[in-house]
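I have placed the structure first, in the form of C-alpha cells, so that the comments after it can refer back to it.
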Amino acid sequence: MELGSSSGRPVPEGLKAGTVTTADGCNLRYAICSDGVGKRGTVCVLHGRRGYIERDYETIEDLKARGFAVALLDWRGQGRSDRLLKDPRKGHIKNYRQYDADLEAFMKQVVLPDCPPPYYGLAHSTGGNVLLRALQKSTWFEACVLLAPMLGFRRTKFPMFILKGLINLLASTGFSWISMPGDFKTRAFSRNELTHDEKRFNRQLEILAENPDLDLGAPTVGWLAASLAANKYLMGLKGNDVLRTPVLIVASGDERVVSADDMDQFSRQVGGIPMVTVEHAYHEVLLERDSMREQFWAAFDSFMEQHSKPVIPDL
Numbered sequence: 001m002e003l004g005s006s007s008g009r010p011v012p013e014g015l016k017a018g019t020v021t022t023a024d025g026c027n028l029r030y031a032i033c034s035d036g037v038g039k040r041g042t043v044c045v046l047h048g049r050r051g052y053i054e055r056d057y058e059t060i061e062d063l064k065a066r067g068f069a070v071a072l073l074d075w076r077g078q079g080r081s082d083r084l085l086k087d088p089r090k091g092h093i094k095n096y097r098q099y100d101a102d103l104e105a106f107m108k109q110v111v112l113p114d115c116p117p118p119y120y121g122l123a124h125s126t127g128g129n130v131l132l133r134a135l136q137k138s139t140w141f142e143a144c145v146l147l148a149p150m151l152g153f154r155r156t157k158f159p160m161f162i163l164k165g166l167i168n169l170l171a172s173t174g175f176s177w178i179s180m181p182g183d184f185k186t187r188a189f190s191r192n193e194l195t196h197d198e199k200r201f202n203r204q205l206e207i208l209a210e211n212p213d214l215d216l217g218a219p220t221v222g223w224l225a226a227s228l229a230a231n232k233y234l235m236g237l238k239g240n241d242v243l244r245t246p247v248l249i250v251a252s253g254d255e256r257v258v259s260a261d262d263m264d265q266f267s268r269q270v271g272g273i274p275m276v277t278v279e280h281a282y283h284e285v286l287l288e289r290d291s292m293r294e295q296f297w298a299a300f301d302s303f304m305e306q307h308s309k310p311v312i313p314d315l
C-alpha cells in the first residue's frame, strides 16, 4: 500500500509502507522508518479515529531528529487499511477486540522482527484507549506517552445517560451500521476544534484533497457503542499494578472532543499516572502551534529521559 503526499508535505525520507494481515483476515497498512535512525529504539505511533499515516509526517521527522526509528499503523476501517462497510467513509468497528487484534499483528509481525529495540508508544485519542488495553497484559513497551487519550467523550447539554442508552439500543437491534448525524466533514478552520494552527490545518486539507481515499466521515452507531464499552471498561480499572508499563498522559487545556476530567480521574485511580496539560491546546496537540507543540515535546523528552534504556554505542 502506497504512501500519500502533497505539495506541502512530501513523504519523509526512509519511510516505507507495507501490509500486515490480522488473525481475522483484515489487511492493515503500516509504515516504518528505521534506516539510519533508531539508536534510541523505536516509537510506535498510534493515531486516533480519522487518523492516517500521512497525518503524522511532521511527528515522524520530530522523532527521527531525537534518534528514534518510527513505526505507524492505520487501524482497520480508516486510512488505507481495509474499510469495514460498503460505504468506505463510514467509521465503523464491531468492538475494540478488533483494534486489539490490529495492534497485536502490527507488533508481532512488523515491529518486533523489523524495528530496533527498545520500543515506546506514542498514542493519540482512540489510539490511547487501545494502547491502555494492551498495557494490562503486554510488556512490549518500555514507556508510553498518551496524548488526549479517549477515556470518555466530552460532556454535552443533552443527558449522557440518554445518549448512551439510545446508542446501545440501536446497536443491539441491528442498526450498528447507521452513521451518526452531524457535520463530520472537514470543517472550515474557523469552526474546527482540533488545532489553532491554520497552516497545519490547511496542510491536512491538502493531503486529503490529493489523497481522498484517506478521508473518513461520521462514526457509526456501532463504533460509538464499541467506544462507550471500551471507555467504561478502562474507567473501571483501579489499583497500582493494572498497567505493566510507565505511562504519561498529556491533556489538552482546551479539549473539546474527549473528556479531560476522565483522564484526570483515570490517572489517579490507577496509581497516580503523571499527567501534564498543554495550556490552551485543542485536541490535536501535534498539529497545534509551535509554542504548544514545544510544551508537549518538553514533557515527552523529560519522560523519555527517565524511562529510556541506555543506548549501547556501536563498536
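Counting from 1, one number per residue, gives the positions in the sequence shown under full-length UniProt numbering. Every residue, glycine too, gets a C-beta built ideally from N, C-alpha and C.
Cα atoms of Val276 and Asp261: separation of roughly 13 Å, rounded to the nearest angstrom. Shown here, Ser172 sits in a helix according to DSSP, grouped into three states. As a beta-bridge residue in DSSP terms, Ile249 pairs with Leu146, Met275.
Of the candidates Tyr99, Asn202, Gly152, Val20, the residue whose Cα lies closest to the Cα of Ile32 is Val20. The stretch 190–201 and the stretch 105–124 do not touch, with fewer than three beta-carbon pairs separated by less than 8 Å.
Annotated as proximal: Leu248 and Phe303, with beta-carbon spacing under 8 Å.
Going by beta carbons, Val45 and Asp56 fall inside the 8 Å limit.
Remark: C-beta atoms of Gly239 and Val270 approach each other more closely than 8 Å.
At a Cβ-Cβ threshold of 8 Å, Gly253 and Ala281 count as neighbours. Looking at the DSSP output, Val43 sits in a beta bridge with Val70, Tyr120.
Between Ile273 and Thr220, the C-beta gap is not smaller than 8 Å, which leaves the two residues out of contact. Rounded to whole angstroms, the separation of the alpha carbons of Val70 and Pro116 is 9 Å. Note on geometry: alpha-carbon atoms of Leu243 and Ala229 lie some 19 Å from one another.
Going by beta carbons, Ser259 and Phe153 fall inside the 8 Å limit. Per the DSSP secondary-structure output, Phe153 pairs in a beta bridge with Val258.
Each residue's CA atom was taken as its position, placing Leu3 and Pro159 some 42 Å apart. With a threshold of 16 other beta carbon atoms within 10 Å, Leu224 meets it and is buried.
Secondary structure at Pro113: helix, using DSSP grouped into helix, strand and coil. With a 10 Å radius around the Cβ and a threshold of 16 neighbouring Cβ atoms, Ala23 comes out exposed.
Within the same chain, and ignoring the five residues on either side of Phe68 in sequence, the residues whose Cβ sits closer than 7 Å to its Cβ are Val37, Gly38, Arg40, Gly41, Thr42, Val43.
In the structure shown, Val285 adopts helical secondary structure according to DSSP, grouped into three states.
Here the alpha carbons of Asp114 and Leu151 stand approximately 31 Å from one another.
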